[in-house]
Amino acid sequence: MLITALATGPLAANCYVLAPAPGGDCVLVDPGQDATEQVGKALAEHDLTPTAVLLTHGHFDHVWSAAELADRAGLPVHLHAADRRLLTEPAAGVDPGFAAQLSALLGPGPFREPEDLVEVDGGDTLTLAGLEFTVEHTPGHTPGSVVYRLASSGQSPVMLAGDLVFAGSIGRTDFPGGDPAAMNASLASAVLARSDDTRILPGHGPATTVGRERAANPYLRALTG
Ligand SMILES: [Zn+2]
Ligand SMILES: [Zn+2]
Numbered sequence: 018m019l020i021t022a023l024a025t026g027p028l029a030a031n032c033y034v035l036a037p038a039p040g041g042d043c044v045l046v047d048p049g050q051d052a053t054e055q056v057g058k059a060l061a062e063h064d065l066t067p068t069a070v071l072l073t074h075g076h077f078d079h080v081w082s083a084a085e086l087a088d089r090a091g092l093p094v095h096l097h098a099a100d101r102r103l104l105t106e107p108a109a110g111v112d113p114g115f116a117a118q119l120s121a122l123l124g125p126g127p128f129r130e131p132e133d134l135v136e137v138d139g140g141d142t143l144t145l146a147g148l149e150f151t152v153e154h155t156p157g158h159t160p161g162s163v164v165y166r167l168a169s170s171g172q173s174p175v176m177l178a179g180d181l182v183f184a185g186s187i188g189r190t191d192f193p194g195g196d197p198a199a200m201n202a203s204l205a206s207a208v209l210a211r212s213d214d215t216r217i218l219p220g221h222g223p224a225t226t227v228g229r230e231r232a233a234n235p236y237l238r239a240l241t242g
């Protein structure tokens, strides 16, 4: 499988380009601010054609370029219903002070829904670009946060974790819609219950594994006591 990670925007939200192999279809995950040019280069480099967009949650730094990229190419955009409102009301996802600080940096933004929005929920399976994804609802960081899992035969399982878990840290729960108790439940079911070889592709920062985070992530160690 081909996995390309691109850091987008001032908050360095990771956009992923996933494909079974070069020279075919691919899926775009969380195309953030100013992702269009970087994604275009990655597609050209590997001769890839996007067929769908997956969003791990509705925060503006992850969804910024989704509508632009998707509508231009006629792609469906997948998102949990509970975060749908954030596509058009990005400030609803952060506290007012933070929103004010960011407004100068971010400008007005292209905050609209894509033409083809597909609502996903836990338990859904999606076959996109020849890849099979399973959706797991993991609220806590936002009400509509999800993890997309990929089981590729003969390889370690891969999870697109969004802002659930990072290398050495976890997503914030102090924004509007955040829920620390739900976050702990999501971390237990979506991370701690998974095999150590599961590769974690997080919404910010470097890739990691369940085993590494189980051993060294202080937030997960606190949960396991
Ligand atoms: Zn977020
Ligand atoms: Zn984020």
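Each residue of the sequence shown is one higher than the one before, starting from 18 at the first, in this note's numbering.
Don't be surprised by glycine CBs; every beta carbon is placed ideally from N, CA and C.
Bear in mind the structure is a predicted one, so any value in this text is a computation, not a measurement.
Query: Per DSSP, which residues does Leu45 bridge with? Please list them.; Result: Val34 and Val70
Query: Does the distance from the C-beta atom of Glu12 to that of Val182 stay below 9 Å?; Result: Past the boundaries of the shown model lies residue 12; the chain is included only from 18 to 242, so the question cannot be answered.
Query: Return yes when the C-beta of Asp180 is under 8 Å from any heavy atom of ligand 1, and no when it is not.; Result: yes
Query: Bridge partners of Phe183, per DSSP?; Result: Ser186
Query: By a C-beta neighbour count over all protein chains shown, 10 Å radius and 16 as the cutoff for buried, is Ser212 buried or exposed?; Result: exposed
Query: Look at Pro48 and Ala83 and say whether their C-beta atoms are less than 9 Å apart.; Result: yes
Query: When DSSP builds the beta bridges, which residues end up paired with Ala24?; Result: Asn31
Query: Identify the residues that DSSP records as bridge partners of Thr144: which are they?; Result: Glu149
Query: Unbroken beta strand (DSSP E) runs of length 3 or more, entirely within the segment 52 to 100: which are they?; Result: 66 to 71 and 94 to 97
Query: In angstroms with no decimal places, state the Cα-to-Cα distance between Lys58 and Leu19.; Result: 15 Å
Query: Is Gly49 near ligand 1, going by C-beta to nearest heavy atom under 8 Å?; Result: no
Query: Could you give the C-beta distance for Leu35 and Ala69, rounded to a whole number, given that I count them as a contact under 8 Å?; Result: No, Leu35 and Ala69 are not in contact; Cβ-Cβ is about 10 Å, not under 8 Å.
Query: When DSSP labels each residue in this structure, what does Thr105 get in the three-state scheme?; Result: coil
Query: Which of the three DSSP states, helix, strand or coil, is assigned to Thr226?; Result: strand
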